[in-house]
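The structure appears below as structure tokens.
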Amino acid sequence: MRNQVRTVPRPMPEIVSMSDVVSAREIECTASAVAGAVSWRGCAAFGIGRGRVVLVAETTATGPDEVAELIRAEVRAEHAVELHDVVLVRRGAVALTADDAERRTVSREWYLGGLFCA
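Here you go:
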């Protein structure tokens with residue numbers, strides 16, 4: 285018998301909304317669709333505490349307050365998820381990692397440590 289390597293995908297982090305279970309990637313993709321202001325690879329959605337969802341997103345857009353409100357409204361409309369915080373950061377501020385789950389973990393640690401600067 286040959287040695288075989290099997291990769292098993294990690295389960296997608298889930299965020300429970302008022303009506304359904306939503307994946308972090310779904311929230312990131314929705315945020316990236318808002319006026320093309322952010323890229324989903326430069327987004328990280330994660331939970332903190334009970335029922336609080338944070339989105340960190342890289343952007344070059346002017347008027348970050350307006351972009352943050354557009355993202356909040358779109359995520360609320362699409363997924364019935366209320367974002368606790370939307371942090372818009374400069375391009376390159378979200379960690380480049382080998383996979384999405386690791387990017388979210390690092391972003392969560394940085395957020396909780398107060399390391400993100402707009």
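Residue 285 is where the sequence shown starts when you use this note's numbering, and the numbers rise one by one after that.
Here a beta-carbon is modelled for each residue, glycine too, at the ideal position from N, C-alpha and C.
Values in this document were obtained by computation on a predicted structure and should not be read as measured data.
What does residue i pair with, by DSSP beta-bridge criteria?
i	result
R336	I332
S316	None, per the DSSP bridge assignment.
Classify residue i as buried or exposed, calling it buried when 16 or more other Cβ atoms lie within 10 Å of its own Cβ.
i	result
D349	exposed
Q288	With a pLDDT of only 41 at Q288, under 50, the local geometry of the prediction cannot be trusted, and the value read off the model is given with reservation. Exposed, because fewer than 16 other Cβ atoms sit within 10 Å of the Cβ of Q288.
E356	Residue identity check: residue 356 is Arg in the sequence provided, not Glu. The residue is buried, with at least 16 neighbouring Cβ atoms inside 10 Å.
E310	buried
A382	exposed
V305	exposed
M302	Any reading at M302 must be qualified, since the residue scores a pLDDT of 45, below 50, and its modelled position is unreliable; the value itself is stated next. So M302 ends up on the exposed side.
E342	buried
Whole angstroms is fine: what's the gap from residue i's alpha carbon to residue j's?
i	j	result
A385	S391	10 Å
R325	R334	25 Å
L396	V318	25 Å
V351	F330	19 Å
A315	L354	9 Å
A345	V378	16 Å
W394	E312	18 Å
R388	A308	9 Å
So residue i and residue j are supposed to be a Cβ contact under 8 Å. How far apart are they, rounded?
i	j	result
H368	V338	6 Å
V373	F400	5 Å
Next item on the list: Please specify which runs of the beta strand (DSSP E), each continuous and at least 3 residues long, are wholly inside the region 318-391, giving them in chain order.
Entry: 327-332, 336-342, 367-373
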